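Report on the following structure.
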Amino acid sequence: MSNPLLALPFEPSIEGLGGSYWDVVEAAVFPRTQLRFRNDALLRKLGVEPDSVSDQDFERAYGRFEERVPLLALRYHGYQFGTYNPQLGDGRGFLYGQLRDRSGQLQDLGSKGSGTTPWSRGGDGRLTLKGGVREVIASEALHRLGVTTSRTLSLIETGEDLWRGDEPSPTRSAVMVRMARTHLRFGSCERLLYLRDPQGLERLLRHVVAVYYPDVAAAHPAPDGDRLALEHQLLAFYGELVERVARLAAEWMAAGFVHGVLNTDNMSLAGESFDYGPFAFLDRWDPSFTAA
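Using the working numbering, you'd call the opening residue of the sequence shown number 27 and step up by one each time.
Structure below.
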């Protein structure tokens, strides 16, 4: 029987940017795969009837990553706790595919814990099952509270023992697939500025505006070669991005959510909650609290 998840119609729009924005990688091969969480609501959002998808279908598609398109580890930089780091990038994940949901919006499917990449910086490229469960709980809780967020499509245990300095070890391993509007980050732009690549930065920003800010693109058309029109378009985009992120911060505060690693490599250019780490929820207001 065919796997509905492997038949989803991918639309890899990011590949139109060219290969300087990512590295093609391979997924890790795990000893075993066992589904621990599946998000049937997201399946429906993608136009897939949950009853047509077995747990084994999830394990094949999102545990073994049977390849249909190149797996892309994205390149980016970022300010981490005030210090600029040019050695970042997807160190334990990749962009698995892009596709339209039932409303016509482009969505990314991205992995976490799927193996090493050129940006692993000595890490093992893995995710603890505990860390995956935390992200499932937080992202679904925020979604239910009305907070703009990426969401977890699946969490699969992978049968490895992991050693971590911040929790009892060995601990269990997992691989997660999240659905997000985009995996492009503030740090995707910072990298190109750092590399003094204005043409690459323009290409990236034109892509972001066209795909994720169509109202800005329609209101402020910027034909190739018209620098003044491009400046107006990008200023309008910047204003809209600032509004989205300000609204997101207000939503976090209303939910008592503390992100924990609010660095520019963890901030989405679509303005949604993304890349959960050592987050926390406050029971009462405490302006001195930090989750990290």
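Idealized CB from N, CA, C, for every residue including glycine. No experiment lies behind these values; they were computed from the predicted model shown.
query                                                                                                                 : result
Residue 214, enclosing alpha helix (DSSP H) - first and last residue                                                  : 212-220
Simplified DSSP assignment, three categories, for residue 25                                                          : Coverage of the chain is limited to positions 27 through 318, which leaves residue 25 absent and any answer about it impossible.
Under the three-state DSSP convention, the category residue 300 falls into                                            : coil
Unbroken stretches of the beta strand (DSSP E), 3 residues or longer, contained in the region 115-161                 : 121-126 and 132-138
Spatial neighbours of residue 68 in its chain, beta-carbon cut-off 7 Å, leaving aside the 5 residues before and after : 177, 179 and 205
Residue interval of the beta strand (DSSP E) (run including residue 51)                                               : 48-51
Burial state of residue 109 (16 or more Cβ within 10 Å)                                                               : exposed
Cβ separation of residue 282 and residue 304, assumed to be a contact under 8 Å, to the nearest whole Å               : Going by Cβ atoms, the distance from residue 282 to residue 304 rounds to 16 Å, so no, they are not a contact pair.
Cα-Cα separation between residue 103 and residue 267, rounded to whole angstroms                                      : 19 Å
Proximity of residue 291 and residue 114 at Cβ, strictly below 8 Å                                                    : yes
Cβ contact (3+ pairs, closer than 8 Å) linking the region 87-101 and the region 179-190                               : yes
Among 46, 191 and 306, the one whose alpha carbon lies nearest that of residue 225                                    : 46
Enclosing alpha helix (DSSP H) for residue 84 [first to last residue]                                                 : 81-88
Reference residue 99; option with closest CA among 50, 222, 299 and 129                                               : 50
Cβ contact check for the region 189-205 and the region 233-241: 3 or more pairs under 8 Å                             : no
Residue 155 to residue 161 span [Cα, whole Å]                                                                         : 10 Å
Continuous alpha helix (DSSP H) stretch holding residue 226: start and end                                            : 224-238
Selection from 212, 119 and 172 that minimises the alpha carbon distance to residue 150                               : 119
Same chain, Cβ closer than 8 Å to residue 315, neighbours up to 5 away in sequence not counted                        : 284, 306 and 308
Contact check, residue 71 vs residue 128, beta carbons under 8 Å                                                      : yes
Cβ-based neighbour list, residue 218, same chain, cut-off 7 Å, excluding 5 preceding and 5 following                  : 226, 227 and 230
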